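Have a look at the structure below, then the notes.
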Amino acid sequence: MFYTHILFGALLFLVAENYIHISLLQWAVIPLAAILPDIDTENSFISKRLPLIPLLFSGVKHRTLTHSLVGLTVATWLAFGVGYFTQHIEITLPFFIGYASHIFADMLNDAGVALFYPEKKRYRLLRIRTGSVSEMWFFISVLGGIIAILFSV
Ligand SMILES: [Zn+2]
C-alpha cells in the first residue's frame, strides 16, 4: 500500500500541475504527505525509521485520528506553519493533496477510515484488500494515469 499511496498522490498532483506551476520542493512534499497518515501504526514506513513517532500515537487506533478530516485539517495547518516559518508556504497545497489522497485511497480498502473522527464509524467506498490482486490493478491504473498525463504534455 506504501507505493500505491505515493503513486496516487503523485497522480492527483500531476492533474493539479495543469493549473499551477509546481516546484521541485512541492514535488518532494507529495510522497511524504501521502504516507504520513500511517504514523498511527508501528508497521508504517515512517514509524519503522522514526520509532518515537508511534509512541506519540500509541493511544490512537489505526485509521482513526490521522485518517480523519480533523487529522487532515490539523496536519495541513501544521504544514502551513512549517511553510510559513521556512518561507515556503507553497508546500501547503501539495501537503494537503498528498495527505487527502492517502485518506481517499484507504477508503477504497475494506477496513475503511474513521473519516469523521471522533465518531467511530468507518467509511469506505470499495473493498480493495491491501496486497491483493485488486490493489495491484488499482496501482497499475494509477500508473497508467501518470504515464498518460506525462506523455500527453
Ligand atoms: Zn492509511
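Numbering follows numbering that gives the first Met the number 0, in which position 125 of the sequence shown is assigned residue number 124; successive positions increment by one, without gaps.
We put the beta carbon where it would ideally sit given N, CA and C, even for glycine.
Values in this document were obtained by computation on a predicted structure and should not be read as measured data.
Runs of alpha helix (DSSP H) with 4 or more residues, each lying fully within the stretch 30-77, are found at 44-48, 51-55, listed in chain order.
Residue state for I148 is assigned as helix, using DSSP reduced to three classes.
If you draw a straight line from the Cα of S133 to the Cα of L51, it is about 33 angstroms long.
CA-to-CA, the gap between G130 and S22 works out to about 32 angstroms. Under the three-state reduction of DSSP, I21 is assigned to coil, being neither helix nor strand. Non-local C-beta neighbours of I145 in its own chain, meaning closer than 8 angstroms and more than five positions away in sequence, comprise L6, A9, L10, L13, ordered along the chain. Within the DSSP bridge table, the entry for Y122 names V112 as partners. P117 is the residue among L71, P117, H20 whose C-alpha sits nearest the C-alpha of V59. Cβ contact annotation for G70 (same chain, cutoff 6 angstroms, sequence separation greater than five): L64, in chain order.
Taking C-beta separations shorter than 7 angstroms and ignoring five residues to either side along the sequence, the partners of A104 in its chain run T3, H4, F7, following chain order.
With contacts defined as CB atoms closer than 7 angstroms, I90 and A78 qualify as a contacting pair.
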